[in-house]
Structure formats: structure tokens, C-alpha cells
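Here is the structure we will look at, set down as C-alpha cells.
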Amino acid sequence: MTAPADRPQPSPGARTGREARVLAVAAPAALVLGWLSAHPLAGLGGWTVVVWAVAVVVLGNVPGTARGKALRLGLFGFVLGFSFLCFGYTGEAALVTRVLPFALLAVVSGLAAVALGALVHLVRSVL
Numbered sequence: 025m026t027a028p029a030d031r032p033q034p035s036p037g038a039r040t041g042r043e044a045r046v047l048a049v050a051a052p053a054a055l056v057l058g059w060l061s062a063h064p065l066a067g068l069g070g071w072t073v074v075v076w077a078v079a080v081v082v083l084g085n086v087p088g089t090a091r092g093k094a095l096r097l098g099l100f101g102f103v104l105g106f107s108f109l110c111f112g113y114t115g116e117a118a119l120v121t122r123v124l125p126f127a128l129l130a131v132v133s134g135l136a137a138v139a140l141g142a143l144v145h146l147v148r149s150v151l
């Protein structure tokens, strides 16, 4: 359904501002969820991934452009994966020596979040 011609449409800059605000919330939320998953929620074990998936689905359902959603979910997944690995690290080697491997694994986490978001979008468009 199209909007009436007399109703002003939001400018692209307004949409970008909204998406920037969502990004500004997504990154700290991922950081907090990463810490929670490494400590208080650690008892959930593999079920922690379900909590992450629910967070990705919720974040993916926030209105925005496809590009904005992909960026938002990728950032969320990366920060979540990286923070979880850093907060949960208990090895003997210094954490700084693990930054690169953790970052590479976090990229996989970001890609998984984007893939889950795309799957949810596909299912919603079919239903």
C-alpha cells in the first residue's frame, strides 16, 4: 500500500539516522550479551546459541533497509562473538595473543547472524 501524496516521505538521511541509532544500540547490546553468555548464562552451554538466535531475530525485525539490516546484524554478530570469546577466555597465554584468532571467529559469527537474518526475511516474505 502506498502512502498518500500529501503525506511527506522521510528523507534518506532520516532513515540513515534511525539506522545509525539502531547500530548504536546493537553493538553495546551484543557486548553485554557476550559477557552474559560467558559468565552468568554459561551454564546454558550450547543453549546459549538459542539466546543469540532470538536476539538476532529480534534485531533483524527492526525496520530498516536490507543493507542497514545486514550491517546491523553483521556488527551485532561480530561484537557478540568477539566479546564472548574475550570474556570467556581463561587460557594461560595473554589475551592479546588471541585477538586475531578471536577476530576471525567473530567474522564467522557476524556472517552467521546475517545469514540467519536473511533466512528470517525469506520465511517472512513467503508466509
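Using my numbering, you'd call the opening residue of the sequence shown number 25 and step up by one each time. Using N, Cα and C, we set each Cβ at its ideal position, and we do this for glycine too.
For residue i and residue j, I'd like the C-alpha separation in whole angstroms.
{"i": "L65", "j": "C110", "result": "15 Å"}
{"i": "L60", "j": "L143", "result": "26 Å"}
{"i": "L83", "j": "V147", "result": "16 Å"}
{"i": "G41", "j": "L128", "result": "29 Å"}
{"i": "T89", "j": "L55", "result": "24 Å"}
{"i": "G134", "j": "V78", "result": "15 Å"}
{"i": "G70", "j": "F126", "result": "18 Å"}
{"i": "T114", "j": "L47", "result": "30 Å"}
{"i": "V150", "j": "G112", "result": "39 Å"}
{"i": "H63", "j": "H145", "result": "31 Å"}
{"i": "E116", "j": "V123", "result": "14 Å"}
{"i": "L95", "j": "E43", "result": "10 Å"}
{"i": "A139", "j": "V86", "result": "16 Å"}
Go ahead and pull the three-state DSSP assignment for residue i.
{"i": "P52", "result": "helix"}
{"i": "H63", "result": "coil"}
{"i": "P125", "result": "helix"}
{"i": "G134", "result": "helix"}
{"i": "G115", "result": "coil"}
Would you give the residue range spanned by the alpha helix (DSSP H) that residue i belongs to?
{"i": "L97", "result": "90-112"}
{"i": "L151", "result": "Run containing L151: none; DSSP gives neither H nor E here."}
{"i": "L1", "result": "Outside the modelled stretch of the chain, which goes from 25 to 151, sits residue 1, for which no answer is possible."}
For residue i, which option in the options has the closest C-alpha, if you only look at C-alpha atoms?
{"i": "V131", "options": "W76, G92, V103", "result": "V103"}
{"i": "V75", "options": "G58, T89, G88", "result": "G58"}
{"i": "T72", "options": "Y113, F108, V49, H145", "result": "F108"}
{"i": "P52", "options": "G141, N85, F106, G92", "result": "F106"}
{"i": "V81", "options": "G98, L68, V123", "result": "G98"}
{"i": "A137", "options": "R45, A44, F100, G92", "result": "F100"}
{"i": "G141", "options": "G92, V49, R45", "result": "G92"}
Quick one: does residue i have its CB under 9 Å from some CB of chain C?
{"i": "A66", "result": "In the structure shown, chain C does not exist; there is a single protein chain."}
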